[in-house]
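Input: a single structure, listed below in structure tokens.
Protein chains: 4
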Amino acid sequence: MTDRPLVLVDAWPRSKEMIFTAETEARLRDLADVVEHYDGRMPDAEVEKHLDRVEIIVGQTPMDAARLARAPRLRAIVNVKGNWEPVIDYAEAHRRGVEVLSIAPVMAPAVAEFCVGAAIALGRGLLRNDRLFHEGSERYGIRGNGDAVSLYGSDVGFVGYGNLGRALRPLLAPFAAKVAVHDPWLPAGYLAAEGCRAASLDEVLAGSRHLFVLAGVHADNEGFLDREKLARIRPDACVVLASRAEVTDFPAFVELAEAGRFRAAIDVFPVEPVPADDPIRRTRNILLSSHLAGGMRDSYARIAEILIDEIPQILAGLPPIRLQRAEPRLASAQRSR
Amino acid sequence: MTDRPLVLVDAWPRSKEMIFTAETEARLRDLADVVEHYDGRMPDAEVEKHLDRVEIIVGQTPMDAARLARAPRLRAIVNVKGNWEPVIDYAEAHRRGVEVLSIAPVMAPAVAEFCVGAAIALGRGLLRNDRLFHEGSERYGIRGNGDAVSLYGSDVGFVGYGNLGRALRPLLAPFAAKVAVHDPWLPAGYLAAEGCRAASLDEVLAGSRHLFVLAGVHADNEGFLDREKLARIRPDACVVLASRAEVTDFPAFVELAEAGRFRAAIDVFPVEPVPADDPIRRTRNILLSSHLAGGMRDSYARIAEILIDEIPQILAGLPPIRLQRAEPRLASAQRSR
Amino acid sequence: MTDRPLVLVDAWPRSKEMIFTAETEARLRDLADVVEHYDGRMPDAEVEKHLDRVEIIVGQTPMDAARLARAPRLRAIVNVKGNWEPVIDYAEAHRRGVEVLSIAPVMAPAVAEFCVGAAIALGRGLLRNDRLFHEGSERYGIRGNGDAVSLYGSDVGFVGYGNLGRALRPLLAPFAAKVAVHDPWLPAGYLAAEGCRAASLDEVLAGSRHLFVLAGVHADNEGFLDREKLARIRPDACVVLASRAEVTDFPAFVELAEAGRFRAAIDVFPVEPVPADDPIRRTRNILLSSHLAGGMRDSYARIAEILIDEIPQILAGLPPIRLQRAEPRLASAQRSR
Amino acid sequence: MTDRPLVLVDAWPRSKEMIFTAETEARLRDLADVVEHYDGRMPDAEVEKHLDRVEIIVGQTPMDAARLARAPRLRAIVNVKGNWEPVIDYAEAHRRGVEVLSIAPVMAPAVAEFCVGAAIALGRGLLRNDRLFHEGSERYGIRGNGDAVSLYGSDVGFVGYGNLGRALRPLLAPFAAKVAVHDPWLPAGYLAAEGCRAASLDEVLAGSRHLFVLAGVHADNEGFLDREKLARIRPDACVVLASRAEVTDFPAFVELAEAGRFRAAIDVFPVEPVPADDPIRRTRNILLSSHLAGGMRDSYARIAEILIDEIPQILAGLPPIRLQRAEPRLASAQRSR
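In structure tokens form, the structure reads like this:
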């Protein structure tokens with residue numbers, strides 16, 4: 025028998041290496057007893073064994089109301105994957121004062137860096153020029169830069185301003201870009217305080233030279249960037265699709281981009297892996313990236329850092345700081361993949 | 025006869041469109057009589073006709089000591105090309121109080137943006153992943169990001185800290201990158217005030233995860249990044265060659281980069297255009313850009329803006345503000361192309 | 025009968041002018057029916073009449089568990105005063121999904137500006153020099169600046185890093201000040217991400233040339249800056265007491281400051297108004313300010329702005345953005361005045 | 025006989041302690057032979073003895089054309105006082121390629137800090153409230169803040185944008201102040217690039233809630249802020265006079281400020297020390313500072329740092345970096361005190 029707190033780690037599909045370093049694991053074990061399971065969901069019997077003592081669950085262990093009732097010391101469930109799975113009774117957890125938290129914000133900087141790199145690659149023609157050079161038909165200087173556009177002083181648009189938008193905004197500041205944001209869930213005063221101008225979707229689509237699609241997908245916004253909306257995008261805009269393919273009419277998006285209606289980079293797809301014979305593989309004009317924007321080594325290092333920063337906090341009964349709270353209503357509404 | 029000042033525009037190889045907008049030209053003509061010549065150097069006879077009245081020359085009209093003596097009202101020669109041509113007697117101009125100025129700083133932001141885009145493209149594997157995707161062998165998420173590196177918190181190195189370095193530094197600030205600079209012409213205290221750490225060339229080469237070659241070429245630094253120095257570059261560094269090919273042993277640079285010793289993007293070449301049969305066209309691992317980093321529309325718009333900002337300044341006998349002065353000693357030492 | 029939402033405004037001791045402008049009130053009335061009461065707490069009978077319909081309460085109307093049960097449509101209680109009054113059953117509100125929110129963050133910028141002004145006034149001797157000048161005994165230049173200290177590059181310490189610290193931090197950034205923070209409720213990684221170094225209380229007291237006391241008062245930290253702690257303050261430090269007098273042994277603080285042990289500015293007092301015969305009025309060496317740091321016109325303008333920014337948000341079932349959530353445990357622990 | 029360069033230090037009225045630390049002096053002596061004289065101007069005979077060898081003069085040793093001709097190895101004259109004395113033949117030095125340099129920029133940060141402190145002290149009423157508190161008539165919170173104004177989002181005006189303006193601008197950035205500048209010597213495009221709006225003098229006077237007088241005095245601008253101009257200052261503006269009293273009609277400035285027409289802080293006076301019976305000593309409403317804004321310990325530490333940073337630079341034939349060049353025309357025009 026022990027008075028030490030118990031932390032249950034059930035982080036699948038994250039591996040141990042993705043969420044702990046040797047050092048942060050050692051610090052955790054100083055603070056708490058740790059029960060862990062990787063390479064699949066922790067078996068129910070194992071979970072049940074620890075419910076009476078568990079204070080923190082790392083991972084999205086199914087926790088319905090009944091199970092929450094059997095976990096009287098539970099303080100927090102820490103989602104280390106990003107999307108909210110529908111396996112937790114968010115409302116009941118909230119009622120019981122169990123924090124449901126996510127490391128989602130830590131993935132955002134890597135995505136923001138990808139967005140900047142992709143936007144410059146599109147605007148400055150890095151891939152096309154590289155190809156022309158290898159083919160022997162490159163042109164030099166101003167003659168090769170006919171349609172090049174720059175982030176400096178650009179009219180930039182964000183569709184959605186959550187973790188990704190907040191991480192991307194400061195990267196654009198030294199370019200003195202003007203950022204218009206469409207996010208129906210955010211008030212204009214807040215966006216102004218963030219250095220952005222609140223705008224309608226049509227304004228953002230029609231007015232942006234660099235356009236970043238950063239919105240999550242929810243029950244009620246699936247496919248809202250339909251063909252008719254996509255047709256409003258400013259000709260020759262540079263469009264980076266970085267959050268979820270499902271917010272677009274994806275075939276229309278690919279068709280318009282391949283036809284040169286706008287320049288595009290895509291990191292997310294309706295089905296992943298993309299089928300071998302998917303026609304997108306035969307496009308010539310789209311910068312393709314296989315969901316590589318967020319999930320890099322640095323992002324996982326940040327998960328390890330934030331977990332060991334906040335777990336002691338939670339065990340001491342203090343509120344989370346950088347871990348993001350699930351909004352009960354929103355977490356339930358969000359579509360998981 | 026008139027008391028209006030005379031401005032002589034002899035801007036070749038810049039075209040009129042590169043240095044004036046309709047609006048800025050109109051403003052200039054309000055201030056001064058303008059004699060202009062494009063599509064080649066202004067004929068000597070034409071130049072001579074205006075020497076007695078000319079107050080500003082825009083362009084690098086040959087001005088030896090004798091000609092300077094025949095231009096008693098000359099206040100400034102404004103180089104709109106960037107490199108210092110050896111056609112001006114810099115020391116005599118200085119003695120006579122004739123400012124020899126350059127628009128060089130205005131090209132730097134576009135180059136800095138290119139550097140950021142290329143660094144992210146290399147570090148995050150944008151081109152390689154795009155190619156793998158089109159080939160059908162892409163990998164997703166962390167599995168596809170095995171060697172991806174990020175600018176966030178990166179150890180960044182600059183070789184040279186002139187206009188390019190000063191333009192690039194603020195773009196890296198929101199990434200919280202640590203910037204070490206090797207520039208033998210700049211003191212450590214100044215670099216510290218710029219948010220950089222002064223370092224030896226070897227430190228910068230061996231320690232930088234992202235390395236930017238930004239040094240101009242001068243009589244005494246040609247090829248200083250020789251094979252032995254290049255061999256010190258940190259394995260898997262991302263190297264952007266953005267200033268002048270001549271500062272490197274260029275064949276060695278290409279060989280090492282193609283061999284995967286480091287990742288590289290190259291915007292400048294020993295001979296431009298690159299010969300059709302140059303083996304560099306057959307490389308697979310280098311991001312090639314045909315001197316596109318600086319010379320884009322936005323850069324020329326900045327030239328137009330700065331000229332009309334500063335010409336009235338100069339005509340009023342005031343010092344230049346953003347136009348850069350030739351250092352008599354340095355201008356003479358700089359190798360032109 | 026109506027389907028319009030009802031907002032109950034019971035904002036005492038705030039007046040109408042403090043929380044609405046004509047424009048923001050008009051926008052509110054477009055959105056909702058408004059029942060309001062100023063110049064005292066709203067009578068119970070009036071409150072009860074609206075419980076069945078009320079969706080938002082602006083003010084700290086007493087809401088115990090029974091009342092909360094009688095307000096089934098209540099979404100949020102918005103505290104416009106700052107401190108958490110013990111008149112609300114925070115835990116029950118949380119269980120019911122009623123947000124208890126505060127405008128506290130909007131007062132912070134004015135306090136942060138006061139802190140900078142007071143720190144410079146102390147460090148550069150503005151008041152003393154003004155007095156010497158009027159007395160005719162001023163000294164000029166370096167001779168008058170014997171003990172002047174500057175924020176540039178200074179070792180700055182914060183005791184507490186909540187709303188005030190977060191507002192003050194960016195104001196110190198252009199001074200390149202190094203900021204150490206003692207806040208037992210915050211983890212080191214978070215503070216590092218904010219550009220601060222986590223430090224023990226002793227380190228902050230002994231090491232800071234400019235010291236800002238920004239901690240709120242809670243059941244367990246009253247008087248923690250006792251005489252023994254205050255004695256560790258670096259000689260000739262500039263200390264600004266801006267949050268709550270109760271975190272200090274106030275008589276000891278005054279005694280040490282008046283004795284010249286350190287320089288001090290005080291904006292908050294154990295009893296306000298300070299009694300007419302309080303010996304603090306006879307001090308010569310302390311900069312006194314009568315709780316003026318936060319409550320200025322600009323702060324109230326921000327309240328009006330944030331209320332009209334977020335009320336539509338809350339009525340639409342969306343989470344608050346800039347309004348601050350009460351932590352149930354912390355709100356209960358916080359001592360009100 | 026020696027090949028070592030010779031540096032002549034003739035820095036009066038600066039003392040040795042003001043321009044060197046033990047460490048920087050040791051570093052200088054490693055590089056060069058040093059001849060020094062303090063407590064008065066170096067005797068002519070001593071100066072003459074070293075002219076044939078001297079490479080750098082630190083201080084404003086009289087150097088007319090004849091003496092310059094006798095100093096064939098002289099590279100630079102480094103003014104460590106700030107104002108340009110009329111004892112040097114600036115035009116001849118320029119013709120000979122002798123740099124005439126100044127440490128003026130290093131004094132600017134301390135002045136900028138003073139400006140921020142004084143502006144907040146005025147806007148927030150720090151001195152008046154302190155006096156009221158000691159007198160027992162203080163008022164609390166919003167009731168005491170009737171006319172308090174804040175730098176946040178303020179309309180700020182600068183009269184003059186030289187070293188002082190450039191140092192002050194970034195300190196105002198986190199307040200999101202809007203800065204309008206009147207400087208007849210600077211073009212609008214440059215000011216825009218600095219984050220300022222170029223404006224007429226009348227606009228700046230009439231439109232600024234916080235007004236900073238930062239202009240140097242020259243032959244043609246003495247007293248340009250005359251009574252008629254001062255009368256245009258926005259009622260209740262906060263005015264900081266930080267550069268030179270001579271740019272104003274000083275008696276009118278004092279009279280208007282004392283009468284409450286605007287709030288004012290003054291650091292510079294027509295005659296210093298101010299006479300014992302000067303009526304300014306009997307003012308009640310002006311914040312007086314006896315030329316303390318720039319000359320503090322930190323400023324002198326910066327002189328020591330910049331000298332040892334740049335002297336090796338100059339001895340190596342490289343251009344100065346942070347030392348400021350005298351403009352031959354401007355240096356001659358500037359009135360010394």
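Residue numbers (the working numbering), protein chains in the order written: chain A, 25 to 361; chain B, 25 to 361; chain C, 25 to 361; chain D, 25 to 361.
From the three backbone atoms N, C-alpha and C, an ideal C-beta is built for every residue, glycine too.
Remember, it's a predicted structure, so these values are computed and weren't measured experimentally.
Using a Cβ-Cβ distance under 8 Å, would B:Gln337 count as near chain D?
B:Gln337 has a beta carbon lying within less than 8 Å of a beta carbon in chain D.
Simplified DSSP state of A:Ser360, which is helix, strand or coil:
Below a pLDDT of 50, predicted positions are generally treated as unreliable, and A:Ser360, at 40, falls in that range; no measurement from the model is reported.
Complete beta strand (DSSP E) runs within the region 283-329 of chain C (minimum length 3 residues, chain order):
Counting only runs of at least 3 residues, the region 283-329 of chain C fully encloses the following beta strand (DSSP E) elements, listed from N- to C-terminal order: 287-290, 310-312.
D:Gly366 to D:Gly184 span [Cα, whole Å]
With chain D covering only 25 through 361, there is no way to say anything about residue 366 of chain D.
Give the DSSP bridge partners of C:His61, in chain order.
Bridge partners of C:His61: C:Asp34.
Kindly list, in the order they appear in chain C, the residues whose Cβ is closer than 8 Å to that of D:His158.
The answer, in chain order, is Arg305, Arg306, Thr307, Leu312.
Beta-carbon proximity of D:Asn187 to D:Ala132, cut-off 8 Å
Their beta carbons are under 8 Å apart, which means D:Asn187 touches D:Ala132 by this criterion.
Taking the alpha carbon of C:Gly160 as the point to measure from, which residue in D:Pro303, D:Arg91, D:Ala212, D:Glu227 has its own alpha carbon closest?
The candidate whose alpha carbon is nearest that of C:Gly160 is D:Pro303.
Does chain D have any CB closer than 8 Å to the CB of B:Ile43?
Using a CB distance cut-off of 8 Å, B:Ile43 does not count as an interface residue toward chain D.
Cβ closer than 9 Å: which chain A residues qualify as neighbours of B:Glu296?
Those are Tyr164, Gly165, listed as they occur along chain A.
Kindly indicate which residue of C:Phe274, C:Ala340, C:Ile335, C:Gly341 has the alpha-carbon position closest to the one of C:Asn103.
The shortest C-alpha separation from C:Asn103 is found at C:Ile335.
Could you name the residues of the same chain whose beta carbon sits closer than 8 Å to that of C:Val228, not counting the 5 residues immediately before and after it, in chain order?
Gly181, Phe182, Val183, Ala204, Val205, His206, Leu235.
Check whether chain A comes within 8 Å of B:Pro133, counting only Cβ atoms and requiring the distance to be less than that.
Answer yes: the Cβ-Cβ gap between B:Pro133 and chain A drops below 8 Å somewhere.
A:Val111, buried or exposed, once every other Cβ within 10 Å from all chains shown has been counted against 16
That one is exposed.
Output the distance between the C-alpha atoms of A:Leu210 and A:Asp179, rounded to the nearest integer angstrom.
Roughly 20 Å between the two C-alpha positions.
To the nearest angstrom, how far is it from the Cα of B:Arg119 to the Cα of D:Lys40?
Going from the Cα of B:Arg119 to the Cα of D:Lys40 covers about 34 Å.
Helix, strand or coil at D:Asp226 according to DSSP, with G and I counted as helix
DSSP places D:Asp226 within a helical segment (H, G or I) once states are collapsed to three.
Which same chain residues end up closer than 7 Å to C:Asp88 when comparing Cβ atoms and leaving out the 5 residues on each side of it in sequence?
Cβ neighbours of C:Asp88 beyond the five flanking positions: Asp113.
Does the structure place the region 276-285 of chain D close enough to the region 304-320 of chain D that three or more beta carbon pairs sit under 8 Å?
In short, these stretches touch, since the Cβ pair count reaches three.
How far does the beta strand (DSSP E) with D:Lys202 in it extend, from its first residue to its last?
Start and end: 202-206.
Where does the unbroken alpha helix (DSSP H) through D:Ala13 begin, and where does it stop?
Look at the range of chain D in this structure, 25 to 361, and you will see that residue 13 of chain D is not part of it.
Under 8 Å between C-beta atoms, does D:Tyr176 make it to chain C?
Yes, contact with chain C.
Flag this pair as yes or no: are the beta carbons of C:Arg99 and C:Glu79 separated by less than 8 Å?
A contact, by the Cβ cut-off of 8 Å.
Show which residues of chain C have a CB atom less than 8 Å away from the CB atom of D:Leu316.
Listed along chain C, the residues sitting closer than 8 Å to D:Leu316 by beta-carbon distance are Arg148, Gly149, Asn153, Tyr164, Gly165, Gly168, Asn169, Ala172.
Of the listed residues D:Pro299, D:Ala340, D:Ile330, nearest to C:Tyr164 (C-alpha basis)
Scanning D:Pro299, D:Ala340, D:Ile330 for the CA closest to the CA of C:Tyr164 turns up D:Pro299.
Beta-carbon proximity check, A:Gly219 vs B:Leu316, cutoff 8 Å
No, the Cβ-Cβ distance between A:Gly219 and B:Leu316 is not below 8 Å.
Examine chain A for any beta-carbon lying closer than 8 Å to the beta-carbon of C:Ile101, and answer yes or no.
No, C:Ile101 does not count as interfacial toward chain A.
How many whole angstroms separate the CB atoms of D:Leu175 and D:Leu196, which I take to be in contact at a CB cut-off of 8 Å?
Sure, about 7 Å apart at Cβ, within 8 Å.
Could one say the Cβ of B:Ile144 lies closer than 8 Å to chain A's Cβ atoms, at least one of them?
It does; some Cβ of chain A falls within 8 Å.
Taking buried to mean at least 16 other C-beta atoms within 10 Å of its own C-beta, is A:Ala255 buried or exposed?
Here A:Ala255 is exposed, its C-beta having fewer than 16 other C-beta atoms within 10 Å.
For C:Asp273 and C:Asp250, which I take to be in contact (beta-carbon distance under 8 Å), what is that distance rounded to the nearest angstrom?
With a Cβ gap of about 5 Å, C:Asp273 and C:Asp250 count as contacting.
Taking DSSP as the reference, what is the three-state secondary structure of A:Gln348?
The answer is strand: DSSP assigns A:Gln348 an E or B state.
With a threshold of 6 Å on Cβ separation, who are the neighbours of B:Arg65 within its own chain once the five nearest residues in sequence on each side are excluded?
Once the five neighbours on either side are set aside, the close Cβ partners of B:Arg65 are Trp36.
Kindly indicate if chain C contains any beta-carbon less than 8 Å away from that of D:Met320.
Closer than 8 Å to some Cβ of chain C, the Cβ of D:Met320 qualifies, so yes.
How about C:His158: is its Cβ closer than 7 Å to a heavy atom in the ligand PLP?
Looking at this structure, you won't find the ligand PLP or any other ligand, since it has none at all.
Count the other C-beta atoms from every protein chain shown that fall within 10 angstroms of the C-beta of B:Pro29, then say buried if there are 16 or more, exposed otherwise.
Looking at its Cβ environment, which holds 16 or more other Cβ atoms inside 10 Å, B:Pro29 is buried.
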